[in-house]
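Protein chains: 2
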Amino acid sequence: MTKPIRLNEQLCFSIYKAQKQFNHFYSQALAKYKLSYPQYITLLSLYEHGTMSVKEVGQTLNLDSGTLTPLMKRMEKDGWISRKRSAQDERRVDVSLTQKANDMRDEIYDHVGSCMTYLDFPEKVYEAIKSQVDTVDQHLTAIPDEKLQ
Amino acid sequence: MTKPIRLNEQLCFSIYKAQKQFNHFYSQALAKYKLSYPQYITLLSLYEHGTMSVKEVGQTLNLDSGTLTPLMKRMEKDGWISRKRSAQDERRVDVSLTQKANDMRDEIYDHVGSCMTYLDFPEKVYEAIKSQVDTVDQHLTAIPDEKLQ
DNA sequence: ATCGAGCTTATTGTAGACGATTTAATTAAG
DNA sequence: CTTAATTAAATCGTCTACAATAAGCTCGAT
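Just so you know, the sequences run in chain order A and B.
When we follow the UniProt record's numbering, the leftmost residue of the first sequence carries the number 1, and every step to the right adds one.
When we follow the UniProt record's numbering, the leftmost residue of the second sequence carries the number 1, and every step to the right adds one.
Given below as structure tokens:
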């Protein structure tokens, strides 16, 4: 006798839906800056770490060049970043923030921060949930692909 | 003075990463059936509710026809479902499971169920995390778009 | 019966995401 | 010092995801 799998009892589905809601939340919150969520976290990473290669940005976001190259070309076109091939190592492309990005930083921090208050979670609860989701991510990452085949 | 936003302290980023890990988990677990995660949850929904219109499937998954139509065409080509315009209401396209899908149901339930054990969470913990993620989803859904602009 | 409002699906365009391949640059080994 | 292996970015193909639009159908009101 096989146990049926009910969608609404699956953690994967809850996370799948929550991720899409967050995407919608940020698409609204960032609409005035014409930034998507993936573009926004790219910007956040650069605010935090300064100029980095495409590879290094990818490591902070878990994204590869196949995703980042076109995304960054759009961000360059929109004036958020500049991309320049490294002189020391010509395989690398260094990504840095523009004046516009630096000028807008505090405004973006403030606006997103104020949007977050609508989420209406006490600091402690927010952190508890985050830490549990991180645990799920760690458990998933620890499973070797071979075991699933 | 503006508070900087650190990526690794953001719940959205944890959920974003966990969602991608789940995607990878299922792409491995379902590789032998040539099913992607979105295709798998479409299948789960049909196992649970039986024949439905595209619209109704979309409601159970929070996906629109722009996503589902091409996805379902691929599933039809792969022999999982059949699509037929309703005779009663010719606006509807009814989606039903094939013999293959019904024959494979228990095997898929069993295989995915066994893969889930590698996640290694006690039932209680799993449910607690799921319920908290659901709460986040509900809070996000409750925010009117206007407040974020 | 016919018209039009509203519903439903299909289509199109843009953006992510990722595996696989390709190209170019660097490093390591013999 | 040349060749082999490695690395970084870009490219390609396929599959989501969703907004906007188009097209077709139903049903209610006249």
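The beta-carbon is built from N, C-alpha and C at its ideal position, and this holds for glycine as well.
This one's a predicted model, so the numbers in the text were calculated from it and none came from an experiment.
Q | Proximity below 8 Å, CB of GLN19(B) to CB of TYR118(A) | A | By the CB criterion at 8 Å, GLN19(B) and TYR118(A) fall outside the cutoff.
Q | chain A within 8 Å of ASP103(B), Cβ atoms only | A | ASP103(B) does not count as touching chain A.
Q.
Quick check on LEU140(B): does DSSP put it in helix, strand or coil?
A. In the structure shown, LEU140(B) sits in a helix (DSSP, three-state: H, G or I).
Q) Where does the unbroken alpha helix (DSSP H) through LYS5(A) begin, and where does it stop? A) Before going on, a small fix: residue 5(A) reads as Ile here, not Lys. Boundaries for ILE5(A): no alpha helix (DSSP H) harbours it, and the DSSP string shows neither H nor E there.
Q | Minimum Cβ-Cβ distance from ASP134(A) to chain B less than 8 Å | A | By the rule that beta-carbons nearer than 8 Å mark a contact, ASP134(A) touches chain B.
Q) Can you tell me where the beta strand (DSSP E) with ARG85(B) in it begins and where it stops? A) It spans 81 to 85 - the beta strand (DSSP E) in which ARG85(B) sits, taken as one unbroken run.
Q. By Cβ distance, which residues of its chain are closer than 8 Å to ALA29(A), with the 5 residues on each side in sequence left out?
A. Taken in chain order, the residues that qualify are HIS111, VAL112, CYS115.
Q) Since ASP64(A) contacts GLN21(B) with CB under 8 Å, what's their CB separation in whole angstroms? A) Incorrect: roughly 15 Å between the Cβ atoms, too far for contact.
Q.
Quick check: is the beta carbon of LYS34(A) nearer than 8 Å to any beta carbon in chain B?
A. Output row for LYS34(A): interface = no.
Q) Comparing alpha-carbon positions, which option in THR60(B), PHE13(B), ARG92(B), GLN59(B) lies nearest GLN132(A)? A) Selected option, being the one with the closest Cα: PHE13(B).
Q. Should MET1(B) go down as buried or exposed, given a rule of 16 or more other Cβ atoms within 10 Å for buried?
A. That one is exposed.
Q. Cα separation between PRO4(B) and ASP106(A)?
A. Cα to Cα, PRO4(B) sits roughly 8 Å from ASP106(A).
Q: Check the C-beta distance from VAL57(A) over to THR67(A) and give it rounded, since I have them as a contact under 8 Å.
A: Under the criterion of beta carbons closer than 8 Å, VAL57(A) and THR67(A) do not qualify as touching, at roughly 10 Å.
Q) Where SER86(A) and SER53(A) are concerned, what is the direct C-alpha to C-alpha distance, given to the nearest angstrom? A) Approximately 9 Å, taken between the alpha carbons.
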